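So the sequence shown is numbered by this note's numbering: it starts at 26 and just counts up by one.
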Amino acid sequence: MNCCDNSLISELVGGVEVATSISEERIWTLSPLWCRRSSVFAHNLPIFISSLDAGSKLVTLLRLRCITIGNFDGVHVGHQALLERARVLAGSSGQVVAVTFDPHPAILLKPELAPPAVQTLQERRECLLKCGADDVHVINTTKELLTMSAEQFMSWLREQIAFECIVEGPDFHFGKDRAGDINTLRVIGLKNNFTVDQVEPVEVALSDASSAVASSSLLRWLLQHGRVNDVAAVLGRAYQLTGVVQKGDQRGRTLGWPTANIATGARLIPSDGIYAGIATLPTGARKRAAISIGTKPTFGVHARTVEAFVLDHKAPVDDYGWTLTLEFSRWLRGQTRFDGVQALLEQMNIDAQRTRHEIAEEVVLT
Numbered sequence: 026m027n028c029c030d031n032s033l034i035s036e037l038v039g040g041v042e043v044a045t046s047i048s049e050e051r052i053w054t055l056s057p058l059w060c061r062r063s064s065v066f067a068h069n070l071p072i073f074i075s076s077l078d079a080g081s082k083l084v085t086l087l088r089l090r091c092i093t094i095g096n097f098d099g100v101h102v103g104h105q106a107l108l109e110r111a112r113v114l115a116g117s118s119g120q121v122v123a124v125t126f127d128p129h130p131a132i133l134l135k136p137e138l139a140p141p142a143v144q145t146l147q148e149r150r151e152c153l154l155k156c157g158a159d160d161v162h163v164i165n166t167t168k169e170l171l172t173m174s175a176e177q178f179m180s181w182l183r184e185q186i187a188f189e190c191i192v193e194g195p196d197f198h199f200g201k202d203r204a205g206d207i208n209t210l211r212v213i214g215l216k217n218n219f220t221v222d223q224v225e226p227v228e229v230a231l232s233d234a235s236s237a238v239a240s241s242s243l244l245r246w247l248l249q250h251g252r253v254n255d256v257a258a259v260l261g262r263a264y265q266l267t268g269v270v271q272k273g274d275q276r277g278r279t280l281g282w283p284t285a286n287i288a289t290g291a292r293l294i295p296s297d298g299i300y301a302g303i304a305t306l307p308t309g310a311r312k313r314a315a316i317s318i319g320t321k322p323t324f325g326v327h328a329r330t331v332e333a334f335v336l337d338h339k340a341p342v343d344d345y346g347w348t349l350t351l352e353f354s355r356w357l358r359g360q361t362r363f364d365g366v367q368a369l370l371e372q373m374n375i376d377a378q379r380t381r382h383e384i385a386e387e388v389v390l391t
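As structure tokens, this is what we get:
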């Protein structure tokens with residue numbers, strides 16, 4: 026298992042199409058113009074132009090004190106350690122900027138091997154800001170981007186973001202064919218007047234008495250095995266899944282157990298099973314919820330769904346178009362094919378009672 030997904034950034038090189046600045050609420054797009062600067066590298070450099078200025082005015086980007094570069098999927102405790110160190114180096118008056126990429130480089134290089142995303146891009150942005158970044162710059166990965174050497178990429182990035190320091194982990198790689206590593210970065214820093222600070226990986230204690238280095242790869246493995254309590258340890262917070270309520274088969278409503286069917290999009294979700302968790306309603310109210318992920322073998326349904334039965338909530342929860350956030354606390358059991366509806370209903374009642382037992386009322390209210 027790769028314990029540091031920052032190594033995947035090694036594939037990110039070449040022409041950049043889009044970057045976004047979250048805290049500034051501006052979107053930067055490539056100009057059709059090109060800047061000829063042979064002193065940097067042979068091919069032309071893109072000029073950033075603000076889309077808010079109708080593509081006609083060059084924009085000078087903010088000078089940034091300290092940056093960290095990575096895919097940051099999940100924004101786990103290892104990523105948070107990078108942001109914390111960047112804050113120390115930048116100081117209270119400086120600026121910490123997370124530089125990330127979308128889509129994942131493997132989607133262009135080897136789409137059949139591309140890892141599923143733990144978060145949407147917007148969720149990643151929001152987490153980075155909540156975890157200490159003052160700004161988030163997103164670079165859109167292109168095939169042209171994959172042709173730039175490590176030094177070319179850093180020279181280009183240095184021109185766009187006038188950072189004074191960069192913080193990375195020991196497994197950080199960048200540039201074509203992953204040629205650049207943390208030592209390469211230090212050499213480039215000496216040439217370009219920025220410092221490089223290294224943060225060691227963060228180890229996390231897991232529920233099976235083992236420990237592992239926090240990484241996006243570890244997060245995916247734990248989710249695929251339903252170990253949501255360990256996922257929370259790696260994230261430093263409870264694992265959440267946000268989606269829009271969509272129309273299902275309405276069988277739960279017919280059986281007296283109305284559930285909210287959540288559209289999850291193209292992202293990784295926990296393994297099939299029943300989970301105890303908390304649902305945050307559009308009103309902001311938090312309620313305990315029994316969450317079902319998987320097919321419906323009792324009814325011969327093979328499509329995989331995410332459904333939540335919200336406890337102690339009398340109003341309808343299956344209104345289509347609502348946005349619900351599900352917080353996963355503990356895996357309760359696997360998917361089972363029952364002999365009939367009555368057996369299923371009896372088990373659903375047990376699941377609801379176990380959810381009440383697992384999640385105290387005071388936890389819901391916090």
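Glycine included, every Cβ here is placed at the ideal spot set by N, Cα and C. Just so you know, these numbers come straight off a predicted model, no measurement behind them.
Are Met-396 and Gly-200 close, meaning C-beta to C-beta below 9 Å? Residue 396 lies beyond the residue range present for the chain, which begins at 26 and ends at 391; the question has no answer from this structure.
Under DSSP, the beta strand (DSSP E) around Trp-356 begins and ends at which residues? For the purposes of this step, residue 356 is taken as residue 331 along the sequence shown, with counting starting at 1. Taken as a continuous stretch (DSSP letters only), the beta strand (DSSP E) holding Trp-356 covers 348-358.
Expressed to the nearest angstrom, what Euclidean distance is found between the alpha-carbon atoms of Arg-381 and Arg-329? Counting from 1 along the sequence shown, the entry for residue 381 is found at position 356. Counting from 1 along the sequence shown, the entry for residue 329 is found at position 304. If you take the alpha carbons of Arg-381 and Arg-329, they lie about 25 Å apart.
Distance, Cα to Cα, Val-102 vs Pro-140? The residue given as residue 102 occupies position 77 in the sequence shown. The residue given as residue 140 occupies position 115 in the sequence shown. Rounded to the nearest angstrom, the two C-alpha atoms are 20 Å apart.
Hey, quick one: how far does the beta strand (DSSP E) through Cys-190 stretch, first residue to last? Walking along the sequence shown from the start, residue 190 turns up at place 165. Cys-190 -> beta strand (DSSP E) spans 190-193.
Keeping to the same chain, check which residues put their C-beta closer than 6 Å to that of Ile-384; ignore five residues upstream and five downstream. One-based indexing of the sequence shown puts residue 384 at position 359. The residues Ala-301, Arg-313, Ser-354, in chain order, have a CB closer than 6 Å to that of Ile-384 in the same chain once the five nearest residues on each side in sequence are set aside.
Segment contact flag, the segment 141-152 with the segment 187-203, C-beta cutoff 8 Å, min 3 pairs: The segment 141-152 makes no contact with the segment 187-203, as fewer than three CB pairs between them are under 8 Å.
DSSP three-state call for Ile-294: helix, strand or coil? Position 269 of the sequence shown holds residue 294. Correct three-state label for Ile-294: coil.
Reduced DSSP category for Ile-299 - H, G, I as helix; E, B as strand; rest coil: Your numbering for residue 299 matches position 274 in the sequence shown. Correct three-state label for Ile-299: strand.
Same chain only: Cβ atoms within 7 Å of Met-15, ignoring 5 sequence neighbours per side: One cannot answer for residue 15 here, as it falls past the ends of the chain, which runs 26 to 391.
So, for Glu-225: in the same chain, excluding its five sequence neighbours on each side, which residues have a beta-carbon less than 6 Å away from its beta-carbon? Taking the first residue of the sequence shown as position 1, residue 225 is located at position 200. There are no such residues.
What is the DSSP secondary structure of Arg-211, reduced to helix, strand or coil? By 1-based counting over the sequence shown, the position of residue 211 is 186. Correct three-state label for Arg-211: helix.
How long is the line joining the alpha carbons of Arg-112 and Arg-211, rounded to whole angstroms? Taking the sequence shown and counting its residues from 1, one reaches residue 112 at position 87. Taking the sequence shown and counting its residues from 1, one reaches residue 211 at position 186. Straight-line Cα distance between these residues: approximately 19 Å.
Is any beta-carbon of chain D found at less than 9 Å from that of Gly-194? Checking the listed chains, one finds no chain D in this structure; it contains a single protein chain.
What's the gap between the Cα of Gln-144 and the Cα of Leu-247? Within the sequence shown, residue 144 is the residue found at index 119, counting from 1. Within the sequence shown, residue 247 is the residue found at index 222, counting from 1. The straight-line gap from Cα to Cα measures roughly 15 Å.
Out of Ala-340, Gly-116, Asn-218, which one is the CA nearest neighbour of Gly-157? Translated into the one-based positions of the sequence shown, residue 157 becomes position 132. Measuring from the Cα of Gly-157, the nearest candidate turns out to be Gly-116.
Under a three-way DSSP split, which group does Cys-91 fall into? Along the sequence shown, one-based indexing puts residue 91 at 66. Cys-91: strand per DSSP, three-state reduction.
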